[in-house]
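Asker: Numbering (the working numbering), first residue to last: 296 to 558.
(1) So the beta strand (DSSP E) residue 492 belongs to, where does it begin and stop?
(2) Would you mind stating whether residue 375 and residue 453 have Cβ atoms separated by less than 7 Å?
(3) Which residues in the same chain have their Cβ closer than 7 Å to the Cβ of residue 498, if we skip the five residues on either side of it in sequence?
(4) Expressed to the nearest angstrom, what Euclidean distance is found between the alpha-carbon atoms of residue 448 and residue 357?
(5) Suppose contacts are defined by Cβ-Cβ distances below 7 Å. Is residue 512 in contact with residue 483 by that definition?
(6) Which same chain residues, not among the five before or five after residue 465, have their C-beta less than 8 Å away from its C-beta?
(7) When we look at the beta-carbon of residue 353 and count the other beta-carbons within 10 Å, is it buried (16 or more) or exposed?
(8) Indicate the three-state DSSP secondary structure (helix, strand or coil) for residue 399 in the structure shown.
(9) Pull up the DSSP beta-bridge partners for residue 378, would you.
(10) How would you call residue 427, buried or exposed, if buried means at least 16 neighbouring beta carbons within 10 angstroms?
(11) Pull up the CB-CB distance for residue 457 and residue 525, whole angstroms please, since I reckon it's below 8 Å.
(12) So what's residue 328 in DSSP terms, helix, strand or just coil?
(13) Nearest-angstrom Cα distance between residue 501 and residue 471?
(14) Do residue 341 and residue 407 have their C-beta atoms closer together than 7 Å?
(15) Please classify residue 313: is it buried, with 16 or more other beta-carbons within 10 angstroms of its beta-carbon, or exposed?
(16) So, helix, strand or coil for residue 438, using DSSP?
(17) Quick one: measure Cβ to Cβ for residue 390 and residue 445, integer angstroms, because I've assumed they're closer than 8 Å.
(18) Cα separation between residue 361 and residue 556?
(19) Counting along the chain, where does the alpha helix (DSSP H) carrying residue 308 start and finish?
(20) Compare the Cα-Cα distances from residue 425 to each of 336, 532 and 345 and report the closest residue.
(21) Tell me whether residue 553 sits in a helix, a strand or coil according to DSSP, three-state version.
(22) Nearest by alpha-carbon distance to residue 552: which of 539, 543 and 544 is it?
(23) Taking all protein chains shown into account, do 16 or more other C-beta atoms lie within 10 angstroms of the C-beta of residue 373, making it buried, or fewer, making it exposed?
(24) Can you tell me whether residue 488 sits near the ligand COA, meaning its C-beta is under 6 Å from at least one heavy atom of the ligand?
(25) Figure out for me which residue from 534, 417, 473 and 403 has the closest Cα to the Cα of residue 378.
(26) Quick one: give me the first and last residue of the beta strand (DSSP E) that residue 350 is part of.
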């Protein structure tokens with residue numbers, strides 16, 4: 296099973312046909328993954344904790360509206376995908392075994408919009424069990440890469456591992472659509488693409504020192520670290536492939552990647 300990093304952008308991605316990435320995600324089952332996974336592990340930049348935490352949900356996941364000031368119909372959408380308590384148990388075991396413990400559990404938390412918004416477009420039937428894993432923005436890129444490495448065995452069990460964040464994510468610098476892409480965003484986005492495609496994983500794990508405009512592109516790293524989890528979970532010498540690329544607000548890159556293991 297390949298692993299993926301999805302740039303999910305604004306919550307309105309789920310309803311706004313003017314966002315180019317919407318059509319990409321709607322075509323997921325026809326153009327990216329024809330065979331459905333047994334379960335999905337989502338690592339979202341919108342769940343940031345001190346220690347790795349999984350949601351252990353029996354029954355349907357709740358839909359979390361962790362955003363404000365959007366159209367009222369956004370708050371009426373539901374994505375009641377089944378929880379994946381067995382997957383959550385395996386995630387805990389693998390991370391504890393690799394020294395990331397103690398892994399915490401959340402038994403009442405559903406799916407934040409970094410998880411349910413892309414999944415609603417990718418798997419609208421909401422019939423695939425979903426477990427969510429948090430990021431730890433204070434612990435660095437290599438921590439998340441190694442966390443992904445620990446989770447790699449899940450791929451052999453038919454689990455789809457998705458990191459959901461953004462290739463660039465500086466909401467204080469967004470601009471109206473219609474003009475040129477900001478150079479700082481374009482430069483970082485290009486560097487990220489070349490590093491992923493060419494397997495420069497050491498550079499990716501040290502992106503703050505290696506990448507141009509790293510701090511401008513990610514003032515907070517929570518939306519980039521899901522990429523590192525997906526990268527680590529793909530296995531050594533995994534090949535990165537850019538599977539979608541578009542922009543909104545002249546600064547927000549929706550670059551999304553597939554990571555394929557050579558084994």
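Glycine included, every Cβ here is placed at the ideal spot set by N, Cα and C.
Answerer: To lay it out plainly:
(1) Premise fails: residue 492 lies in the alpha helix (DSSP H), 478-492, not in any beta strand (DSSP E).
(2) no
(3) 490 and 505
(4) 27 Å
(5) yes
(6) 480, 511, 512, 513, 514 and 546
(7) exposed
(8) strand
(9) 425
(10) buried
(11) 7 Å
(12) coil
(13) 31 Å
(14) yes
(15) exposed
(16) helix
(17) 6 Å
(18) 34 Å
(19) No alpha helix (DSSP H) holds residue 308; DSSP gives it neither H nor E.
(20) 336
(21) strand
(22) 539
(23) exposed
(24) With respect to the ligand COA, the structure shown offers nothing to examine, as it has no ligands at all.
(25) 403
(26) 348-350
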